[in-house]
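In order, the protein sequence lines correspond to chains A and B.
FYI, the numbering for the first sequence is 14 to 129, going by the working numbering.
FYI, the numbering for the second sequence is 654 to 766, going by the working numbering.
What follows is a single structure, written as structure tokens, with notes after it.
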Amino acid sequence: AQSVTQLDSQVPVFEEAPVELRCNYSSSVSVYLFWYVQYPNQGLQLLLKYLSGSTLVKGINGFEAEFNKSQTSFHLRKPSVHISDTAEYFCAVSDEDGGSNYKLTFGKGTLLTVNP
Amino acid sequence: SQTIHQWPATLVQPVGSPLSLECTVEGTSNPNLYWYRQAAGRGLQLLFYSVGIGQISSEVPQNLSASRPQDRQFILSSKKLLLSDSGFYLCASSRQILTYGYTFGSGTRLTVV
Chain A
14 AQSVTQLDSQ VPVFEEAPVE LRCNYSSSVS VYLFWYVQYP NQGLQLLLKY LSGSTLVKGI
74 NGFEAEFNKS QTSFHLRKPS VHISDTAEYF CAVSDEDGGS NYKLTFGKGT LLTVNP
Chain B
654 SQTIHQWPAT LVQPVGSPLS LECTVEGTSN PNLYWYRQAA GRGLQLLFYS VGIGQISSEV
714 PQNLSASRPQ DRQFILSSKK LLLSDSGFYL CASSRQILTY GYTFGSGTRL TVV
């Protein structure tokens with residue numbers, strides 16, 4: 014079974030600073046990786062995904078992530094954060110359940126707090 | 654694109670009372686449907702998923718059950734709520750998951766008192 018570890022439960026940063034949210038996964042087969050964002054009392058919204066090809070993936074709101082197979086990592090980055098980026102961020106990996114039916118396994122989340 | 658409707662948004666129920674949370678999907682047919690629970694500091698726990706009408710898979714043993722009476726309707730139920738059932742419940746849908754990932758509803762905050 015797949016598993017995901019988000020190494021930091023909370024990351025406080027100042028506005029306009031760069032940020033990296035770390036994610037490591039375990040898998041014995043090819044993986045498909047996702048980052049989601051959750052604003053307070055809302056559902057999750059897809060930020061970006063890695064399926065294949067270029068290891069640097071660009072998503073919405075200026076976020077990007079780099080897939081590193083040798084380090085089994087998929088860290089999320091943004092060069093300059095805004096107050097509005099304050100939210101919880103979840104890393105997820107696919108888990109094939111036979112045929113084309115897929116489930117996502119999520120990490121425990123990282124709370125990003127951007128301070129003025 | 655898919656849209657998921659979940660209701661109610663918040664719910665306070667006494668211990669021992671029944672529960673019914675409903676989720677409906679628009680904009681797609683024959684989706685895979687999922688119920689997740691989010692507890693503070695514990696991330697997202699997959700409770701149930703369904704690949705078709707009447708087909709339910711349970712991921713963890715618990716006090717809850719799920720049903721899918723129609724293609725785009727997914728219901729989470731309990732006969733008698735426990736304090737430990739409190740949490741934020743999210744319904745999700747997937748169709749071509751590798752292309753679109755999941756679409757999530759806005760969630761139901763359940764507090765059992």
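Yeah, the Cβ is synthetic: ideal placement off N, Cα and C, and Gly gets one too.
Taking 8 angstroms as the cut-off, the Cβ atoms of B/I728 and B/L664 do not count as close. Residue state for A/T123 is assigned as strand, using DSSP reduced to three classes.
Rounded to the nearest whole angstrom, the C-alpha separation of A/L89 and A/E79 is 7 angstroms. Here B/Q666 is near B/L734, since their CB atoms are less than 8 angstroms apart. Within the stretch 745-765 of chain B, the residues whose Cβ lies closer than 9 angstroms to some Cβ of chain A are A745, S747, Q749, I750, L751, T752, Y753, G754, Y755, T756, F757, G758, S759, G760 and R762, listed in chain order. The Cβ-Cβ distance between B/C676 and B/I657 falls below 8 angstroms. Taking A/I96 as the centre and dropping the five residues before and after it, the same chain places the C-beta of E28, V127 and P129 closer than 7 angstroms to its C-beta, in chain order. Interface residue (Cβ-Cβ distance to chain B less than 8 angstroms): A/K71 is not classified as such.
With respect to A/Y52, A/A105 sits apart: the two C-beta atoms are not nearer than 8 angstroms.
Relative to B/S739, the option among B/P661, B/S654, B/W660 and B/V668 whose CA is nearest is B/V668. Taking 8 angstroms as the upper bound for CB-CB distance, A/Q15 and A/S39 are in contact here, some 7 angstroms apart. Counting C-beta atoms within 10 angstroms of its own C-beta, B/V765 has 16 or more neighbours from the protein chains shown and is therefore classed as buried.
Only residues of its own chain outside the window of five on either side were considered, and among them D724 have a CB closer than 7 angstroms to the CB of B/S682, listed in chain order. The C-alpha of B/P714 lies about 16 angstroms from the C-alpha of B/Y687. The beta-carbon of B/L717 is placed no less than 8 angstroms from the nearest beta-carbon of chain A.
Considered as a whole, the stretch 656-693 of chain B harbours 656-660, 663-666, 672-679 and 685-691 as its complete beta strand (DSSP E) runs of no fewer than 3 residues, in chain order.
Inclusion of B/L700 and B/E712 in the CB contact set at 8 angstroms is warranted, their separation being smaller than that value. For A/F80, the nearest beta carbon of chain B is not closer than 8 angstroms to its own beta carbon. Under the Cβ criterion of 8 angstroms, B/G696 is counted among the residues facing chain A.
Secondary structure of A/G75 (DSSP, three-state): helix.
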